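Listed in order, the protein sequences are those of chains A and B.
When we follow full-length UniProt numbering, the leftmost residue of the first sequence carries the number 1, and every step to the right adds one.
When we follow full-length UniProt numbering, the leftmost residue of the second sequence carries the number 1, and every step to the right adds one.
Comments concern the structure below.
Protein chains: 2
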Amino acid sequence: MERLFEINPWKLTSNKLEKNKRLQESLTSIGNGYMGLRGNFEEGYSKDTHIGTYIAGVWFPDKTKVGWWKIGYPDYFGKVINATNFIPVDVYINDHKLDLSKDQIDQFVLELDMKQGILTRSFIWEKNDLRVAFRFTRFVSASVKELAVVNIKVQVIKGNAQLSLIPFMDGNVVNEDSNYQESFWDEINKGSSPYPFLTTRTKENPFGTEQFTVTTMMGNQIKGIRKQREQIKSMYVDEQFHGSLSVGEEVELTKFISVITSRDVSDQDHIEKASQVIELAIANGWEGVLHDHKEEWDDRWNNADVIITGDDASQQGIRFNIFQLFSTYYGEDPRLNVGPKGFTGEKYGGATYWDTEACILPMYLSVTNEETFKQLLVYRHNQLDEAYVNAKKQGLEGALYPMVTFTGIECHNEWEITFEEIHRNAAIAHGIFNYTTYTGNESYLLKQGIDILVGISRFWANRVHYSESNKQYMIHGVTGPNEYENNVSNNWYTNTMAAWCLDYTRETVDKIGEDKWVELGLSNPEIENWREISQNMYRPISEELDVFIQHDTFLDKELRTVDTLEPTERPINQNWSWDKILRSPFIKQADVLQGLYFLNHMFTREEKERNFNFYEPMTVHESSLSPLVHSILASELGKTDKAFEMYERTARLDLDNYNNDTEDGLHITSMSGGWLSIVHGFAGMRTYTKELTFTPYCPDHWQGYEFKLNYRGRLLKVKVNHQLVEFYLEKGDPLNMVVFNRTVTLKEYHSVPINKRNAEDLL
Amino acid sequence: MERLFEINPWKLTSNKLEKNKRLQESLTSIGNGYMGLRGNFEEGYSKDTHIGTYIAGVWFPDKTKVGWWKIGYPDYFGKVINATNFIPVDVYINDHKLDLSKDQIDQFVLELDMKQGILTRSFIWEKNDLRVAFRFTRFVSASVKELAVVNIKVQVIKGNAQLSLIPFMDGNVVNEDSNYQESFWDEINKGSSPYPFLTTRTKENPFGTEQFTVTTMMGNQIKGIRKQREQIKSMYVDEQFHGSLSVGEEVELTKFISVITSRDVSDQDHIEKASQVIELAIANGWEGVLHDHKEEWDDRWNNADVIITGDDASQQGIRFNIFQLFSTYYGEDPRLNVGPKGFTGEKYGGATYWDTEACILPMYLSVTNEETFKQLLVYRHNQLDEAYVNAKKQGLEGALYPMVTFTGIECHNEWEITFEEIHRNAAIAHGIFNYTTYTGNESYLLKQGIDILVGISRFWANRVHYSESNKQYMIHGVTGPNEYENNVSNNWYTNTMAAWCLDYTRETVDKIGEDKWVELGLSNPEIENWREISQNMYRPISEELDVFIQHDTFLDKELRTVDTLEPTERPINQNWSWDKILRSPFIKQADVLQGLYFLNHMFTREEKERNFNFYEPMTVHESSLSPLVHSILASELGKTDKAFEMYERTARLDLDNYNNDTEDGLHITSMSGGWLSIVHGFAGMRTYTKELTFTPYCPDHWQGYEFKLNYRGRLLKVKVNHQLVEFYLEKGDPLNMVVFNRTVTLKEYHSVPINKRNAEDLL
């Protein structure tokens with residue numbers, strides 16, 4: 001555990017220039033869904049740093065690295081790529097280049113304001129008898145997506161100084177994780193009129209994927225000194241301001257940056273569009289654009305804030321999660337999704353994982369509006385054709401959604417993941433189920449969702465085989481959610497979810513019209529085949545232990561619990577050989593339990609309890625997706641200590657650098673874990689059945705908590721303490737809910753005591 | 001099937017300049033165990049060609065390619081590397097550079113003489129009124145390992161010509177399979193005195209493995225024209241000869257090449273040693289060195305030739321196999337082994353596979369002498385420490401021999417092979433068993449072999465786990481010989497061979513002295529533990545089908561036989577996705593049957609028959625190691641058609657380009673397949689029990705066959721036709737043998753009729 005920032009409900013604040021600069025940079029990343037960047041210093045930093053500027057949807061198909069290529073392996077490894085670095089401003093004081101890695105400074109404060117989405121940094125620079133105060137402020141606009149702004153204030157406190165400020169844009173950027181040390185960009189255009197700009201384009205590639213053109217333009221407003229010259233060289237454009245300052249004199253530079261890409265604007269219109277953004281920003285002024293930006297964040301928080309009383313660390317954690325999620329994705333563009341590192345790093349590659357359906361959608365359903373969260377479904381529907389291509393590459397029918405992708409085409413490069421971790425297909429279907437049950441609106445399901453469900457069911461129907469020796473359908477050669485086992489037979493989760501997909505599709509096709517049947521080429525024999533497979537799907541169960549078996553030979557292992565491991569052995573993925581991990585009983589993340597979470601309504605409390613008691617003690621939670629599932633199930637089962645332990649692991653994962661890898665970037669897709677642990681876990685919210693239900697309690701460590709819910713056109717506030725749960729209807733029509741198994745009607749306000757009797761009614 | 005060369009018992013002859021030049025180059029490769037090269041043309045070739053010159057034991061640790069590195073993955077991918085190209089002789093006729101890819105030629109003959117180990121090429125070059133005859137002859141000396149010789153005769157047949165001959169050495173060579181397009185060599189030295197030479201060294205590498213220095217020197221003898229100049233430039237040294245020729249005049253150039261490496265000679269002595277080799281060769285002269293070379297080949301053939309009557313294609317095939325094997329390895333150096341491509345290509349990387357014990361040793365035991373074949377065992381003993389390192393890298397005890405290696409350290413880069421295909425350990429132990437039963441001499445076993453056996457047994461004892469639910473020992477997470485399944489549980493072959501290793505080690509430790517017990521740190525509890533594991537090893541068996549089960553869930557598959565595949569689907573590894581292959585029942589190579597072959601004496605005929613009948617129809621034989629095992633078992637089971645079909649697949653695999661991949665190089669390690677199919681298969685030779693036994697028959701396609709055997713100090717000739725098997729004792733003491741279950745004594749000659757009664761006695 002490594003905590004860089006002070007505990008504060010709304011802010012990350014630090015007075016230290018950290019040794020682990022990369023970790024600090026990751027945690028101070030900002031973004032607006034369209035673009036974002038790590039917390040790099042504007043003036044540069046000559047020691048270890050990871051400069052990262054990323055634009056959503058702009059990617060490159062790097063060559064794959066595989067030991068020995070075989071048919072069905074993906075052609076390329078799609079990567080989020082470092083784009084033109086647009087924040088730099090070189091600073092010279094009397095010809096000395098400002099560099100905090102070497103210079104003497106005083107009163108350093110670095111602060112990320114999560115309420116307003118603003119990163120500030122201030123310090124006093126000292127050398128001999130000279131003292132100069134600096135204040136850097138920046139944000140990526142939440143109201144104008146193409147706009148980022150850097151504001152620098154410099155004041156001489158003691159002595160006189162020559163000051164140069166050189167805002168520039170730098171296209172000489174590389175990806176640290178490039179497989180073959182190749183550059184991904186070519187320079188296309190650059191100039192200084194109407195404003196300094198640089199246009200770059202991703203290189204031609206042998207896979208024929210889309211190339212992206214990106215134009216970065218800056219409009220600099222200066223007060224206190226004057227422009228002296230400008231410089232244009234390879235992949236670099238600057239403006240240079242210079243002047244003399246006496247004690248007390250102040251300089252202010254505002255760098256308005258616009259970033260335009262070929263994803264939205266055709267190449268020939270880039271300069272015009274980029275200039276418009278700059279001009280509007282200049283007209284609006286620093287204070288104006290800042291105001292608009294803050295207002296947008298106010299709106300978001302108003303719909304989504306979670307308040308925790310009695311535990312500021314938890315409070316800070318949950319807000320950091322929400323802040324970073326909204327900085328990564330707010331549903332503006334159905335071609336985008338929630339990448340594992342967002343705009344905070346480049347590890348993992350790809351933009352979209354099954355994390356979206358497993359973790360992101362369930363939270364976004366409640367904290368954003370329909371226009372936002374529905375984009376996540378539209379994204380998958382738009383990539384249905386590519387899912388058919390993925391299946392065909394394996395010689396299979398139907399639709400196979402990718403494990404990792406930008407375009408819908410699989411782009412990861414380990415066979416044991418790529419075409420074995422096929423359970424992701426079920427998560428896509430479950431996302432549709434989740435959306436439909438939450439909103440109560442079946443129109444998406446019946447018009448678009450069914451296309452996906454049919455594609456997925458056709459995949460399962462082709463991917464299973466009939467085992468003559470067992471007279472049942474089986475699924476061999478899979479990797480379940482537990483990636484610490486590969487290429488297993490009959491993963492209970494995969495088989496169970498596949499059967500569920502077939503059933504859900506069958507239920508749904510009963511509701512669609514004749515036209516849709518024809519369009520989808522459905523026939524009764526096909527549906528009958530799905531029923532036959534689902535009803536005769538093999539699902540390994542141990543009679544003796546009365547648990548579901550993770551996969552065919554799991555119980556043959558040498559079973560041990562995590563508490564038999566030495567602390568020096570953990571995390572096992574940093575200390576054990578892959579051979580030992582694969583053969584061990586240790587589980588990376590919820591596997592059988594993931595099924596009990598997804599299909600929570602289909603299993604008894606006893607089934608959940610027995611399986612939780614059997615599997616959780618063997619689970620090392622070395623995936624960021626693991627704790628939230630266990631926290632929610634633990635809450636449901638009354639294991640409140642375990643629930644809180646798991647909550648803490650997910651909510652402050654990055655702030656406390658639990659997994660010792662946050663320097664590579666934040667764990668964006670699991671950022672919803674804290675929220676889900678509170679709302680689905682502590683508050684016990686469920687929406688799978690017809691009514692919104694709650695079984696709330698307050699963790700011992702807290703005095704209380706409250707959260708907001710967008711639910712079917714309403715805005716609810718839910719407040720929970722140790723005695724009482726209170727519901728406030730802030731917007732919308734009255735609502736029937738089920739609280740502790742009893743139906744209540746919420747008009748404006750309703751409260752239910754939390755007591756033993758209520759809780760026991762559930763058992 | 002693609003046959004480039006005419007059928008001829010002792011030669012490969014062709015009058016065609018092939019379009020598939022790479023295939024022709026592979027098939028005309030020559031070598032002498034120390035070095036070798038592909039059949040590249042001396043004068044160069046401007047169209048597609050794969051220039052390859054290789055020196056045994058000279059390798060480079062290329063960076064691995066893996067999707068995501070995990071603990072236990074190998075650090076590097078060791079590769080056979082292309083070394084200084086030493087055969088080139090540029091030829092100019094009236095300033096026209098000779099290039100057969102463009103020039104007009106007549107009477108082209110390319111011939112590899114397998115009896116003498118000589119490659120010749122002749123043609124008449126024509127342009128306008130000029131006709132010039134060329135004859136190139138070359139060999140890599142079988143008597144002086146550091147020596148290669150090229151002889152060129154040129155005669156003007158019509159017209160007058162200016163002729164230039166420019167013999168040179170070229171260090172600007174690359175590996176086509178370099179993972180990162182990196183060069184592996186630096187130039188160290190070059191010069192023209194006392195003879196032109198070039199010294200190169202493999203680059204420094206981050207893995208700290210040995211760097212190799214190689215000096216290549218040439219001494220050119222010329223008749224008919226004169227030296228004009230010489231040229232030395234980067235990685236290049238030549239001598240240039242020039243003169244005018246009138247009609248009928250002849251020129252002869254002999255290029256003596258010596259190749260010295262830091263493996264044998266310290267760097268500062270390279271020039272001296274290289275010069276000595278050249279001087280001796282020059283003193284001996286072209287005819288002299290050629291004579292010595294031929295004599296050595298005569299000796300080899302005298303011990304190893306196989307004669308087949310009635311089928312010249314088979315005859316040519318078996319001789320090609322023996323020729324290429326002896327060109328690759330004749331046991332001069334215990335640091336060397338038999339690489340998968342020998343000196344004929346660079347695919348696969350590594351020098352040593354389990355092929356050595358599975359295929360090479362069983363043949364070398366019979367066709368070479370003890371000094372030669374014992375080196376293969378010494379090699380493994382010398383690498384025992386590294387085997388312990390390999391195990392330790394996986395967090396395991398004992399010795400894990402590598403799947404692919406140069407030094408004993410694992411150097412392949414697919415986890416599913418590297419640390420899952422651990423059955424190779426059993427093959428190493430089986431090699432010791434094979435050697436000991438064949439020679440009848442236990443001294444190696446008891447002094448050195450036991451070190452290996454103990455290391456291997458310690459590995460197995462640690463690698464198994466006790467399955468509480470089954471009350472048996474199991475081995476999870478393996479890949480069996482059938483590489484079309486990965487990461488399976490309880491591969492019957494692996495479990496059976498592991499138990500056999502433990503038993504064989506226990507038997508052996510009973511025979512060693514107290515000192516060795518102490519040296520090896522043995523204790524009775526350890527031996528008792530091995531017994532406990534072996535006796536309680538789980539070996540999957542189907543009661544219902546009465547067969548051994550390939551691995552735990554094999555019978556749950558959708559079982560189909562190969563004849564249900566469409567021809568267009570085969571080979572499946574070029575037509576099916578890896579996903580489909582892994583889940584299919586199709587078997588790449590003998591798996592259960594490999595066990596019945598290795599432990600042939602431990603299973604009943606009925607067991608062999610049932611398992612052969614069950615598994616062979618599902619086997620696609622897409623490994624070159626597969627047909628020989630099936631041919632031998634089929635012979636044993638009286639399935640003579642199947643035995644011959646499998647023989648043909650192995651014996652002319654490369655000559656007929658069965659697998660359509662010989663252009664990358666020859667399948668060296670499976671070259672013993674033809675010989676083993678004849679001797680262990682058709683002749684039914686066994687040596688596992690105390691006596692040499694035979695159960696011979698002659699395939700219908702042949703009139704007869706004969707082969708030689710070195711056996712315990714004797715040289716036997718065995719002749720088989722449809723009526724009779726005849727034994728000739730060519731050297732050594734009289735011998736008791738078992739022929740058709742009856743003991744006979746061979747003094748000088750003995751014959752046994754082959755008839756129904758004899759054959760039935762075996763059942």
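All C-beta atoms, glycine included, are put in the ideal place defined by N, C-alpha and C.
Model, not experiment: these values are computed from the prediction.
Residues sharing a beta bridge with residue i, DSSP
{"i": "B:MET537", "result": "B:TYR473"}
{"i": "B:MET737", "result": "B:LEU692 and B:VAL744"}
Under 9 angstroms from the C-beta of residue i: neighbouring residues of chain B
{"i": "A:THR215", "result": "Per Cβ cutoff of 9 angstroms: no residues; A:THR215 is ~33 angstroms from chain B at best."}
{"i": "A:ASN487", "result": "GLU416, GLU485, ASN486, ASN487, VAL488 and LEU582"}
{"i": "residue 764 of chain A", "result": "Residue coverage of chain A in this structure runs from 1 to 763, which leaves residue 764 of chain A outside it and unanswerable."}
Residue environment, residue i, which counts as buried when at least 16 other CB atoms sit within 10 Å
{"i": "A:GLY665", "result": "buried"}
{"i": "B:VAL154", "result": "buried"}
{"i": "B:HIS722", "result": "exposed"}
{"i": "A:ASN160", "result": "exposed"}
{"i": "B:GLU416", "result": "buried"}
{"i": "B:ASP591", "result": "buried"}
{"i": "A:ARG605", "result": "exposed"}
{"i": "A:GLU357", "result": "buried"}
Nearest to residue i (by Cα), restricted to the options the options
{"i": "B:ASN240", "options": "B:GLY248, B:PHE41 and B:MET218", "result": "Looking at the sequence itself, residue 240 of chain B is Gln, so the reference to Asn does not match. With distances taken between Cα atoms, B:GLN240 lies closest to B:MET218."}
{"i": "B:PHE603", "options": "B:ASN15, B:ASP510 and B:TRP500", "result": "B:TRP500"}
{"i": "B:SER143", "options": "B:ILE81, B:ASP312, B:TYR330 and B:ASP641", "result": "B:TYR330"}
{"i": "A:LYS255", "options": "A:ILE587, A:LYS516, A:ASP90 and A:ARG38", "result": "A:ASP90"}
{"i": "A:GLN181", "options": "A:THR199, A:GLY480, A:LYS65 and A:LYS153", "result": "A:LYS65"}
{"i": "B:PRO753", "options": "B:GLY395, B:THR650 and B:PHE727", "result": "B:PHE727"}
{"i": "A:PHE320", "options": "A:LYS393, A:SER624, A:ASN179 and A:LEU12", "result": "A:LEU12"}
{"i": "residue 843 of chain A", "options": "A:PHE77, A:LYS374 and A:GLY31", "result": "No answer is possible for residue 843 of chain A: it lies beyond the span of chain A, which begins at 1 and ends at 763."}
{"i": "B:LEU384", "options": "B:LEU520, B:TRP10 and B:THR496", "result": "B:LEU520"}
{"i": "A:THR53", "options": "A:ILE166, A:GLU42 and A:HIS430", "result": "A:GLU42"}
{"i": "A:ASP99", "options": "A:GLU616, A:ASN40 and A:GLY191", "result": "A:ASN40"}
{"i": "A:PRO9", "options": "A:LYS115, A:ALA351 and A:ASN369", "result": "A:LYS115"}
Partner residues on chain A for residue i, Cβ-Cβ distance less than 8 angstroms
{"i": "B:ARG583", "result": "HIS465, HIS476 and GLY477"}
Where residue i meets chain A, residues with beta-carbon distance less than 7 angstroms
{"i": "B:GLY72", "result": "SER577, TRP578 and ASP579"}
Neighbouring residues, chain B, relative to residue i (Cβ below 7 angstroms)
{"i": "A:LEU555", "result": "SER469"}
Helix, strand or coil at residue i [DSSP, three-state]
{"i": "A:SER677", "result": "helix"}
{"i": "A:GLU18", "result": "coil"}
{"i": "A:PHE707", "result": "strand"}
{"i": "B:VAL277", "result": "helix"}
{"i": "B:GLU346", "result": "coil"}
Beta-carbon neighbours of residue i, restricted to chain B and to distances below 8 angstroms
{"i": "A:GLU558", "result": "HIS465, TYR466, SER467 and GLU468"}
{"i": "A:TYR353", "result": "Those do not exist, as A:TYR353 stays about 14 angstroms from chain B at its closest Cβ, beyond 8 angstroms."}
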